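Under numbering that gives the first Met the number 0, the sequence shown has 37 at position 38, and the numbering climbs by one with no breaks.
Glycine residues also receive a C-beta, built at the ideal position from the N, C-alpha and C atoms.
Since the structure is predicted, the reported quantities are computational estimates derived from the model, not experimental observations.
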Amino acid sequence: MKCMYCGGEMEWTRSTYTIDRDGHHLFIKDVAAYICSQCGEKHFQESEVAEVLTGAEERRCGGAEAQRSRNRAREQRCRGEREPG
Ligand SMILES: [Zn+2]
């Protein structure tokens, strides 16, 4: 795979994925991606990112509003853990 910016060789490796979401800046470590060996440009695979994001939201007990409404039961369980009794 060639870099779309400089034409350098891209290596399949792992890097930190950053995303702005709901006003929060998320850093997700160790996401598989192509990194340009020449200019350092990162190209993340959508499937890899989606997989990691799903895991991150489950750990945070919530995430986007849509995610919450789809997983109401899980959200209630999470809230119970935060507020015992
Ligand atoms: Zn490049």
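Whose C-beta lies closer than 7 Å to the C-beta of residue i among residues of the same chain, with five residues either side of it excluded?
{"i": "residue 48", "result": "16, 30"}
What span of residues does the beta strand (DSSP E) with residue i cover, start to end?
{"i": "residue 16", "result": "9 to 20"}
I'd like to check one pair, residue j with residue i: are the Cβ atoms closer than 7 Å?
{"i": "residue 33", "j": "residue 0", "result": "yes"}
{"i": "residue 7", "j": "residue 35", "result": "yes"}
Leaving out the 5 sequence neighbours to the left and right, which residues in its chain are closer than 6 Å to residue i when beta-carbon positions are compared?
{"i": "residue 13", "result": "29, 31"}
{"i": "residue 148", "result": "Absent from the structure is residue 148, since the part of the chain shown begins at 0 and ends at 84."}
For residue i, which residues of its own chain have a beta-carbon under 8 Å away from its beta-carbon, when the five flanking residues on both sides are left out?
{"i": "residue 51", "result": "16, 27, 30"}
Have a look at the options and flag the residue whose alpha-carbon is nearest the alpha-carbon of residue i.
{"i": "residue 5", "options": "24, 46, 40", "result": "40"}
My parser needs the alpha helix (DSSP H) runs of 4 or more residues fully inside the stretch 23 to 61; what are they?
Within the stretch 23 to 61, the complete alpha helix (DSSP H) runs of at least 4 residues are 45 to 58.
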